[in-house]
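Q: What follows is a structure written as structure tokens; I'll ask about it next.
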């Protein structure tokens, strides 16, 4: 009986959140750009003002995580400090500075019968975001949804429960100070996983679901959701060193791509090297990685060059480590590298290091990933680095939006037709 009562109470809570979000979305759809800008700037100011409270909440989450023996990568994702709180606030200011994506005339034409047809961007409505670990997603997702005129229902990870609530409280206060409904951003107030299942069925309230987390979460959402899904899947990212690479660039790029932050989705997980330059390129690169504390798992050719490397298995080519571990393989040229990436990768972010323009263009064209780079670190796979202010995630599916999901990607469109009395014959 107690379990049934608790489930009924949770359902009532979730439906109330949904109804409030739908009402807020209706107001946001009509809100002028200046009002949304003011709300985002006020939310940024509120986060700065609440820095101490946010860090205290994060300390509670970190203490809980310590008792659960989370990995170093997960702890890094969870941890906030003065710099990261400041970055959250700056992200909201950056989103506020973006052009309003709502009401943009995307295309316009006139038919022979005189009908004037325009395609105009509109908000999606209510966006449900389900995410794990990283509490900064609370500010990013709420801010981007607001910029695009959407209401957001946020369900953060249980490990970031206190941090996410503190951040959401600041964002909501800023929104209200600017005269918009604070229910434009709501956070699910429970760790109960049943809330996720309820969100996935709330078709009368939620228009689209954005999951951001591990494979099990993404697969569950894709399997159970009754509304469209923008999926942020694994980041099994690659760097390929071509035979025409500048080896100094390669050395710098590989170290940054792997070790700048190992727990982010844009971190390189596999290094591929053309056999023609492996003996020259790999020893200094692997020495850098070992010095930085990275474990190397290599094929036979790699282990002949680096006796400290462990033997790679087939599983290593498909693993997103999110840790200081790198799989390394020697391949027979560009074609073999492209084949490896498309076979084992997750269609997230992959890079080639080369000074050969033709090789670069072939890699960029043939690698089937949302983000492809030449002579740059995979860690640039970030909406802020793209000039989007922030991102909700990196969409790895084929249908749009693909790549970083910012404010513009959280809009749809409708056709507006103006006539002068035309009737169809």
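Numbering (the numbering used here), first residue to last: 26 to 450. Ideal Cβ placement from N, Cα and C applies to all residues, glycine included.
From the DSSP output, which residues share a beta bridge with residue 322?
A: Against the chain shown, residue 322 aligns to sequence position 297. DSSP output for residue 322 lists 335 and 352 as bridge partner(s).
Q: For residue 448, which three-state DSSP category applies?
A: Taking the chain shown and counting its residues from 1, the one referred to as residue 448 is at position 423. Residue state, collapsed to three classes: coil.
Q: Tell me which residue opens and which closes the alpha helix (DSSP H) that residue 297 is part of.
A: Residue 297 sits at position 272 when you count from the first residue of the chain shown. Note, residue 297: premise wrong, no alpha helix (DSSP H); beta strand (DSSP E) at 293 to 299.
Q: In this structure, what does DSSP give as the bridge partners for residue 141?
A: Here the question's residue 141 lines up with position 116 in the chain shown. According to DSSP, which records beta bridges pairwise, residue 141 is partnered with 135 and 443.
Q: Figure out for me which residue from 310, 221 and 91 has the closest Cα to the Cα of residue 40.
A: Sequence index remark: in the chain shown, residue 40 carries index 15 (1-based). Ranking the options by Cα distance to residue 40, first place goes to 221.
Q: Rounded to whole angstroms, how far is the Cβ of residue 373 from the Cβ of residue 259, which I believe are closer than 8 Å?
A: Numbered from 1 along the chain shown, position 348 holds the residue referred to as residue 373. Numbered from 1 along the chain shown, position 234 holds the residue referred to as residue 259. Indeed they touch by this definition, with Cβ atoms about 7 Å apart.
Q: Would you identify the three-state DSSP class for residue 265, choosing helix, strand or coil?
A: Residue 265 sits at position 240 when you count from the first residue of the chain shown. Residue 265 falls in the strand class under three-state DSSP.
Q: Using DSSP's beta-bridge definition, name the partner residues of residue 429.
A: Position 404 of the chain shown, counted from the start, is the residue given in the question as residue 429. Residue 429 is bridged to 419.
Q: Using only the alpha-carbon positions, how far apart do residue 379 and residue 211 sit?
A: Numbered from its first residue, the chain shown carries residue 379 at position 354. Numbered from its first residue, the chain shown carries residue 211 at position 186. Their backbone Cα atoms lie some 46 Å apart in a straight line.
Q: Could you give the residue range of the beta strand (DSSP E) that holds residue 211?
A: For this step, residue 211 is matched to residue 186 along the chain shown. Run containing residue 211: 210 to 212, per the beta strand (DSSP E) assignment.
Q: Taking the alpha-carbon of residue 451 as reference, which of 98, 198, 312 and 227 has the nearest alpha-carbon?
A: It is not possible to answer for residue 451, since the shown part of the chain is limited to 26 through 450.
Q: Tell me which residues share the same chain as residue 120 and place their Cβ nearer than 7 Å to its Cβ, disregarding the 5 neighbours each side in the sequence.
A: The sequence position of residue 120 within the chain shown is 95, counting from 1. Correct list, in chain order: 65, 168, 169, 172, 414, 415 and 432.
Q: Is residue 179 helix, strand or coil when you go by DSSP?
A: Along the chain shown, one-based indexing puts residue 179 at 154. If DSSP states are grouped into helix, strand and coil, residue 179 belongs with the strands.
Q: Whose C-beta lies closer than 7 Å to the C-beta of residue 269 among residues of the same chain, with five residues either side of it excluded?
A: Against the chain shown, residue 269 aligns to sequence position 244. Contacts found: 379, 380, 381 and 384.
Q: Tell me the DSSP secondary structure of residue 315 in three-state form.
A: One-based indexing of the chain shown puts residue 315 at position 290. Reduced to three states, the DSSP call for residue 315 is helix.
Q: Using the Cβ count rule (16 or more neighbours within 10 Å means buried), how would you classify residue 447?
A: In the chain shown, the residue the question calls residue 447 occupies position 422. By the 10 Å Cβ count, residue 447 comes out exposed.
Q: Which residues in the same chain have their Cβ closer than 8 Å to the Cβ of residue 200, if we skip the five residues on either side of it in sequence?
A: Residue numbering aside, residue 200 sits at position 175 when the chain shown is read from its first letter. Contacts found: 64, 67, 68, 171, 206, 207, 209 and 210.
Q: Does the beta-carbon of residue 254 have 16 or more other beta-carbons within 10 angstroms, so that it is buried, or is it exposed?
A: Residue mapping note: residue 254 aligns to position 229 of the chain shown, counting from 1. Under this definition residue 254 is a buried residue.
Q: Within the same chain, show all residues whose beta-carbon is closer than 6 Å to that of residue 225, passing over the 5 residues directly before and after it, in chain order.
A: For the purposes of this step, residue 225 is taken as residue 200 along the chain shown, with counting starting at 1. Hits under 6 Å: 249 and 250.
Q: At what residues does the alpha helix (DSSP H) containing residue 286 begin and finish?
A: Here residue 286 is taken as the residue at index 261 of the chain shown, counted from 1. Where residue 286 is concerned, there is no enclosing alpha helix (DSSP H), given that its DSSP letter is neither H nor E.
Q: What's the C-alpha gap between residue 13 and residue 146?
A: As shown, the chain starts at 26 and ends at 450. That puts residue 13 outside it, with no answer to give.
Q: Determine the extent of the beta strand (DSSP E) in which residue 399 is found, giving its start and end residues.
A: The residue you call residue 399 lines up with position 374 of the chain shown. 396 to 399 is the extent of the beta strand (DSSP E) around residue 399.
Q: Residues bridged to residue 156 by DSSP?
A: Here the question's residue 156 lines up with position 131 in the chain shown. The partner list for residue 156 (beta bridge, DSSP) reads 237.
Q: Note down the Cα distance separating residue 81 from residue 118, rounded to an integer number of angstroms.
A: For the purposes of this step, residue 81 is taken as the residue at position 56 of the chain shown. For the purposes of this step, residue 118 is taken as the residue at position 93 of the chain shown. Each residue's alpha carbon lies about 23 Å from the other.
Q: Identify the continuous alpha helix (DSSP H) that holds residue 62 and give its terminal residues.
A: Mapped onto the chain shown, residue 62 falls at position 37. Taken as a continuous stretch (DSSP letters only), the alpha helix (DSSP H) holding residue 62 covers 58 to 74.
Q: Label residue 283 either buried or exposed according to how many other C-beta atoms from any shown protein chain fall within 10 Å of its C-beta, with 16 as the threshold for buried.
A: Position 258 of the chain shown, counting from 1, holds the residue named residue 283. By the neighbour-count rule (16 or more Cβ atoms within 10 Å), residue 283 is buried.
Q: Check whether the Cβ of residue 241 lies closer than 7 Å to any heavy atom of the ligand HEM, and answer yes or no.
A: This structure lacks the ligand HEM; in fact it carries no ligand of any kind.
Q: Rounded to whole angstroms, what is the Cα-Cα separation between residue 150 and residue 54?
A: As a working note, residue 150 is residue 125 in the chain shown. As a working note, residue 54 is residue 29 in the chain shown. C-alpha separation (whole angstroms): 8 Å.
Q: Measuring only the C-alpha atoms, how far is residue 180 from residue 156?
A: In the chain shown, counting from the first residue as 1, residue 180 sits at position 155. In the chain shown, counting from the first residue as 1, residue 156 sits at position 131. Going by the C-alpha atoms only, they are around 6 Å apart.
Q: Alpha carbon to alpha carbon, how far is residue 77 from residue 178?
A: On the chain shown, position 52 is the one that residue 77 refers to. On the chain shown, position 153 is the one that residue 178 refers to. Approximately 25 Å, taken between the alpha carbons.
Q: Using only the alpha-carbon positions, how far apart do residue 141 and residue 131 sit?
A: On the chain shown, position 116 is the one that residue 141 refers to. On the chain shown, position 106 is the one that residue 131 refers to. One C-alpha to the other measures close to 14 Å.
Q: State the start and end residues of the unbroken beta strand (DSSP E) segment that holds residue 271.
A: The residue labelled residue 271 in the question sits at position 246 within the chain shown. Segment: none, residue 271 is in no beta strand (DSSP E) and carries neither H nor E.
Q: For residue 130, which three-state DSSP category applies?
A: Taking the first residue of the chain shown as 1, we reach residue 130 at position 105. DSSP places residue 130 in strand when its eight states are reduced to three.
Q: Quick one: Cα of residue 111 to Cα of residue 160, how far?
A: Translated into the one-based positions of the chain shown, residue 111 becomes position 86. Translated into the one-based positions of the chain shown, residue 160 becomes position 135. Those two C-alpha atoms are separated by around 13 Å.
Q: Under the DSSP definition of a beta bridge, which residues are partnered with residue 231?
A: As a first step, residue 231 must be located in the chain shown, where it is residue number 206. DSSP lists no partner for residue 231.
Q: Assuming residue 340 and residue 310 are in contact, meaning their beta carbons sit under 8 Å apart, how far apart are those beta carbons, in whole angstroms?
A: Counting from 1 along the chain shown, the entry for residue 340 is found at position 315. Counting from 1 along the chain shown, the entry for residue 310 is found at position 285. No, residue 340 and residue 310 are not in contact; Cβ-Cβ is about 23 Å, not under 8 Å.
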